[in-house]
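Protein sequences appear in the order of chains A and B.
Position one of the first sequence corresponds to residue 1 (the UniProt record's numbering), numbered consecutively onward.
Position one of the second sequence corresponds to residue 1 (the UniProt record's numbering), numbered consecutively onward.
Remarks on the structure that follows.
Protein chains: 2
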Amino acid sequence: MATLGDIGVSALINILSAFAFLLAFALLRIQPINDRIYFPKWYINGARSSPRRSRNFVGKFVNLEFKTYLTFLNWMPQALKMTESEIINHAGLDSAVFLRIYTLGLKIFVPMTIVALLVLIPVNVSSGTLFFLRKELVVSDIDKLSISNVRPKSIRFFVHIGLEYLFTIWICFMLYKEYDIVASMRLRFLASQARRAEQFTVVVRNVPHVSGQSLSETIDHFFQTNHPDHYLCHQAVYNANKFAKLVRKRERLRNWLDYNQLKFERHPEKKPTTKMGFLGLWGKKVDAIDYYKHQMKELERRMSVERQKILKDSKSILPVAFVSFKSRWGAAVCAQTQQCKNPTLWLTNWAPEPRDIYWRNLAIPFVSLTIRKFIISVSVFALVFFYMIPIAFVQSLANLEGLERVAPVLRPVIELKFIKSFLQGFVPGLALKIFLYILPTILMIMSKIEGHIALSNLERRTSAKYYYFMLVNVFLGSIATGTAFEQLDSFLHQSPTQIPRTIGVSIPMKATFFITYIMVDGWAGIASEILRLKPLVIFHLKNLFLVKTERDREKAMDPGSVDFPETIPSLQLYFLLGIVYAVITPILLPFMLVFFGLAYLVYRHQIINVYNQQYESAGAFWPHVHSRIIASLLLSQLLLLGLLSTKEAANSTPFLVVLPILTLAFHKYCKSRFEPAFRKYPIEVSSML
Amino acid sequence: MATLGDIGVSALINILSAFAFLLAFALLRIQPINDRIYFPKWYINGARSSPRRSRNFVGKFVNLEFKTYLTFLNWMPQALKMTESEIINHAGLDSAVFLRIYTLGLKIFVPMTIVALLVLIPVNVSSGTLFFLRKELVVSDIDKLSISNVRPKSIRFFVHIGLEYLFTIWICFMLYKEYDIVASMRLRFLASQARRAEQFTVVVRNVPHVSGQSLSETIDHFFQTNHPDHYLCHQAVYNANKFAKLVRKRERLRNWLDYNQLKFERHPEKKPTTKMGFLGLWGKKVDAIDYYKHQMKELERRMSVERQKILKDSKSILPVAFVSFKSRWGAAVCAQTQQCKNPTLWLTNWAPEPRDIYWRNLAIPFVSLTIRKFIISVSVFALVFFYMIPIAFVQSLANLEGLERVAPVLRPVIELKFIKSFLQGFVPGLALKIFLYILPTILMIMSKIEGHIALSNLERRTSAKYYYFMLVNVFLGSIATGTAFEQLDSFLHQSPTQIPRTIGVSIPMKATFFITYIMVDGWAGIASEILRLKPLVIFHLKNLFLVKTERDREKAMDPGSVDFPETIPSLQLYFLLGIVYAVITPILLPFMLVFFGLAYLVYRHQIINVYNQQYESAGAFWPHVHSRIIASLLLSQLLLLGLLSTKEAANSTPFLVVLPILTLAFHKYCKSRFEPAFRKYPIEVSSML
């Protein structure tokens, strides 16, 4: 059990490493050579085309103005300068709404921290049950500040219950306000956009095949019959994988051509040449510019042949179309209504943004979708509860002896005592670490198999799966003992009223673990996010070896975007921790606040200067954020109930039973009040234009 | 434990009483005096205006043709004569779809019965475990035919599991086919109806109050803006309770006027007179016809004043309107789309039929609806699990001593030994019997409080509540011991895997009870339904004392309608029994078949000749029927799983775990495939006209 001193040491280490990251960032970002890493958004926006300071040769790479080194933390106020509406214009609504999750966290937890610390710490400390126990037993200093310190059957539990009520009301109030704001932001954003094509367009899936008619005729006929006044035209979707391959090839050739032309411009005395064979490594030497120009022409001829082939071949038309209407009204109506008697045909939805569409999933038939969803939900369940089984198997294979057998050359190195002990600590966990690293990718592949047609939707589904994984394996897994599978088994054999007790009783004991978790994953993790170490290294490597033209340099920038599938679930885990521990071990809350504040600053900076969102879903993820905070609230109430029932506080627990029911009712109300704004498009808004 | 002989005796009694009812019906229905009880539908249709045979005075009341007495069972073939499409024209789609539930039952259970009896009875009997046990123990003859007779760990359980698979597939197949047929029947019915007003009409609720505008102006403005091409007009809804009272009074006066005029026509020599005082019992004698004519005139003047008052007073306009469109297309679009940014305002739905509307609930605001639903779901839960508490309290008060104290006059009668023992068996159960009698009414009131606006919806909700009650208190209550509340308590303290075992193990033992239940409630109950004893008595009483004019006689007929809230849940209970016992005690199935066959005949006769449906919902209850049969299937699988696990058939049970998952997947598919046909109105159908 960790004492307050241990926590202090851990805090110091994490604060130091966080500061190291921030310092490194502050120094690296003012070097012109790194400008494209730390300010790519401005390059993409067109506001910047080359690093700002570039007087002499050295100054191109290293910042020589020493004044700027003194103000190295000034990115923080800079990040706060932009207003929310500027952020929406600059980076889109998704980013602005994403930042609101952090401000929501601060708004919820700042008053809660103050109240909890002022009220609960005195109540808990003065109870002093644990002082009577032997010190070397299970007691840590943190526990003396927690609910564990209160005597069983004490009347003081009413304070905890009262605060749970107060916090629930406060959180619900803040959630309601926030949902309201986000919903109206979304509607305003959708209405204010320029008259863009997708607002007049509906994607139609599962178009049936009518014999004797081409797909295009079927679609025209159907919509001319059923939406005669509003139908404008439609755009069929072709299976053009081969054509896309040719397009990529042309890109590559054009790049080589540019490179050679540039070379020729710089040294007009020397005509660039290339070899005709494989990768230009052997074969006849020819004039490079002529060669690539000729290649390009040949390729364009092949592309036009391919295009003709696709347009003629009826098999390459997918049973999907983008149908455009004369008015937003017509599109809103078509997207929201059922078209066909058979509800599995002619499925209409709002067309996602062109960059948001995941093309491969457009043509999945309805029956297949049902089966896919079913299989994936079974697999996610298996993954969440049984992922340890294959990993343990791999671990049993991959140990030091195995390594020595495979690579006997390494034996002398491995047998060194220092390296051996390092490897022994590292190799067995390797499989697990690799698994956790590729987990988001696995979950994303699963979501893709499920058949969603928009990237934004794919990311939301991935995020949900990741949350279940974290909830079971990080939160419950840390509290209960054994693997998730063992827990599942024991829960199945326990009575339903026993489960919250089993978990509830060990919650206060794990407070120190979660405080450390917040510092490692939250503080240091977020500080490392701003440093962008991986893109930094990759950019400089690419710059050294691969970049030939300006276009290549643009590509090498890789600004990335907010990683919704990973950040949102971990954020929700923090909400869960904060809400659960608020009345149990309130000393955890200040650590939370530091995380929320720091992460808000970091992500605000990154959104303004770095990330370039791949798509815009207009904050479509908010209902998930909302409902998962509600779920955290419910979980915290159940766990407190379980904890109190082990404290024999039988006369106070009945007051808690009402709370989950009220919370659920609040959730239902919010769902019907706000969720339609995220799923449907009100006629009122569509007819404003 | 009942032996086969006991069952035989019980069967004999119930068959005899069923025959007695049928015989009484056959004799009573051919008496002209009862013609209006047994054929009211034809009077309402206008196909009949007076009993068929009426030559002499006696012949008016009693059937004197003895030939007709010999063919007294010919109502059965007559009931089968009408085709389904004739029934739809004659009695509406609801009735036709209701009959399909019975044919579905026959289609499902006839093959199942044959297979189960041929396969399982030999397997169970030849196992012969129970023959070794002492006969006087818990064993009945029925048990020897059931799964109880199979030795633990026997390989024979694979036969039961195989049949469970087979039956599940068969039931799902039949359900799918039936859902498909009913859905297309519904769409065809909706499309084929004459161009009736409600197909062009949408009911709009929660119209917001805009200051400075009348409600009517607000509605006009909103729809002219948002549905400019399709909006036709709207009809506001007024709070006209006072006016309705005056209308009822006018009806009464007109009836008296008719009566007096008829009297005058028959005896022109004597002018009818009446007294002006209370109920015509005292006061000045006046000419009756003049008096009532004058009263009518006075009343009509007051009605027109009241009408003006309502139209002028803005407070009497409710925030609800019926909005009519120029085309079905416009109405279909408006009903299916969200109108306003705030999804709790301007709620649009298909307008129910005028006779289907429950007017009182039209003006409930959205927040109130959420709260009402929440309160009612809590109350239903309490009613289902704790209804025994108040009844036990009343029972403890209402006993024989209490009765004697209240009415000492009765003491000598009560003290008679025969009567005392009868009363002692009767009085304590009285509260329970009264409760069960008024239960549907209580549930209907609850549904009304929930705030549904259509009678059909109210009946469906009542039916759902009644089903939960029956499931917990009849099915589970008969299997497990103790009250529902005690079961709930014990289930909360058991592990979730233990519950199906506890219930599963006692299922075979209760087979004889449920066989008796089917005979009493199913056979004799259905036979008594066709006799219509209550309406028969009431009609003749009214005819003797109250009927003055032909209009009164029309009213006294009371054809009633199919009692959906009571019949559908009990039907679903029969499905549950059949599915659960199919592999456990297959001997129960033939009793089921008799019920389904008899009930089908009886209801077909009643629908053709008696019932007059109050509204037409176009089979909107089918999704409930479907999903509750699926729920029965799931329950049967879980219970079989529990039963087998107590039989130590550990090597065979894993095969059963997959089945509920597959069943659920099937249900999900059906839901998305067919349910929209019952909730939405496809654009394709609306634009056909």
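Glycine included, C-beta positions come from ideal geometry on N, C-alpha and C.
Asked	Found
What residue range is occupied by the uninterrupted beta strand (DSSP E) comprising Trp350(A)?	Leu347 to Trp350
Tell me the rounded alpha-carbon separation between Leu633(A) and Arg250(B).	60 Å
Could you tell me whether the Cβ of Pro676(B) comes closer than 9 Å to any Cβ of chain A?	yes
The beta strand (DSSP E) with Thr274(B) in it runs from where to where?	Thr273 to Lys275
Kindly indicate which residue of Gly642(B), His667(B) and Tyr600(B) has the alpha-carbon position closest to the one of Trp75(B).	Tyr600(B)
Buried or exposed: which applies to Lys41(B), given that a residue is buried once 16 or more other Cβ atoms fall within 10 Å of its Cβ?	buried
Hey, quick one: how far does the beta strand (DSSP E) through Trp238(A) stretch, first residue to last?	Residue identity differs from the one stated: residue 238(A) is Tyr in this sequence, not Trp. Looking at the DSSP string, the run of the beta strand (DSSP E) that includes Tyr238(A) is Tyr231 to Tyr238.
Is Leu689(B) helix, strand or coil when you go by DSSP?	With a pLDDT of 49 at Leu689(B), under the threshold of 50, the predicted position of this residue should be treated as unreliable, and no value is reported.
Just by C-beta distance, which residues in the stretch 633 to 666 of chain B are closer than 8 Å to chain A?	Ile661 and Ala665
When the Cα atoms are used, what is the spatial distance from Leu106(B) to Leu593(B)?	7 Å
Taking C-beta to C-beta, are Val323(A) and Val202(A) nearer than 9 Å?	yes
Tell me the DSSP bridge mates of Phe325(B)?	Tyr231(B)
Identify every run of the alpha helix (DSSP H) within the stretch 447 to 509 of chain A, keeping only runs that are complete inside it and at least 4 residues long; order them along the chain.	455 to 470, 484 to 492 and 498 to 506
Using only the alpha-carbon positions, how far apart do Leu14(A) and Lys242(A) sit?	Looking at the sequence provided, one finds Asn at residue 14(A) rather than Leu. Distance between the alpha carbons of Asn14(A) and Lys242(A) is about 52 Å.
For Tyr681(A), which residues in the same chain have their Cβ closer than 6 Å to its Cβ, ignoring the five residues on either side in sequence?	Ala332
Quick one: residues in its chain with C-beta nearer than 7 Å to the C-beta of Ala464(A), no 5 flanking neighbours on either side, listed in chain order?	His624
Pick helix, strand or coil for Pro365(B), following the three-state DSSP scheme.	coil
Does any residue of chain B have a CB that is nearer than 9 Å to the CB of Ile13(A)?	no
When we look at the beta-carbon of Thr83(A) and count the other beta-carbons within 10 Å, is it buried (16 or more) or exposed?	exposed
Closer than 7 Å between beta carbons: that is the criterion. Which residues of the stretch 232 to 261 of chain B meet it against chain A?	none
Closest Cβ-Cβ distance between Glu450(A) and chain B: below 9 Å?	no
At least one CB of chain A closer than 9 Å to the CB of Gln338(B): is that the case?	yes
Taking 9 Å as the CB-CB limit, is Phe366(B) close to chain A?	yes
State the beta-bridge partners of Val203(B) as determined by DSSP.	Phe322(B) and Asn349(B)
Would you say residue 771(B) faces chain A, with C-beta separation under 9 Å as the test?	Absent from the structure is residue 771(B), since the part of chain B shown begins at 1 and ends at 689.
Which same chain residues end up closer than 7 Å to Ala454(B) when comparing Cβ atoms and leaving out the 5 residues on each side of it in sequence?	Pro352, Asp356, Ile357 and Tyr358
Is the distance from the Cβ of Arg553(A) to the Cβ of Ile37(A) below 9 Å?	no
Nearest by alpha-carbon distance to Asp290(A): which of Pro319(A), Tyr259(A) and Asp313(A) is it?	Tyr259(A)
Look at the alpha carbon of Lys153(B) and the alpha carbon of Gly597(B), and state the distance between them as a whole number of angstroms.	38 Å
Name, please, each residue of chain A whose Cβ falls closer than 7 Å to the Cβ of Val474(B).	Result: empty, since nearest Cβ-Cβ is about 24 Å, beyond 7 Å.
Given this structure, state the Cα-to-Cα distance separating Lys135(A) from Asp143(A), to the nearest angstrom.	Residue confidence is low: Lys135(A) scores 48 on pLDDT, short of 50, so the model does not pin down where it sits. No coordinate-derived value is stated.
What is the DSSP secondary structure of Leu137(A), counted as helix, strand or coil?	With a pLDDT of only 44 at Leu137(A), under the threshold of 50, the placement of this residue in the model should not be trusted; the figure read from the coordinates follows. Reduced to three states, the DSSP call for Leu137(A) is coil.
Please determine if the stretch 370 to 389 of chain A and the stretch 441 to 453 of chain A are in contact, where contact requires at least 3 C-beta pairs separated by less than 8 Å.	yes
Got a sec? Which residues, its chain only, sit under 6 Å from Pro272(A) by beta carbon, not counting five neighbours each side?	Asn260, Lys263, Phe264 and Ala288
May I ask which residues mark the beginning and end of the alpha helix (DSSP H) holding Val150(A)?	That residue, Val150(A), is in no alpha helix (DSSP H); it is neither H nor E in DSSP.
Quick one: grab the DSSP three-state call for Lys417(A).	helix
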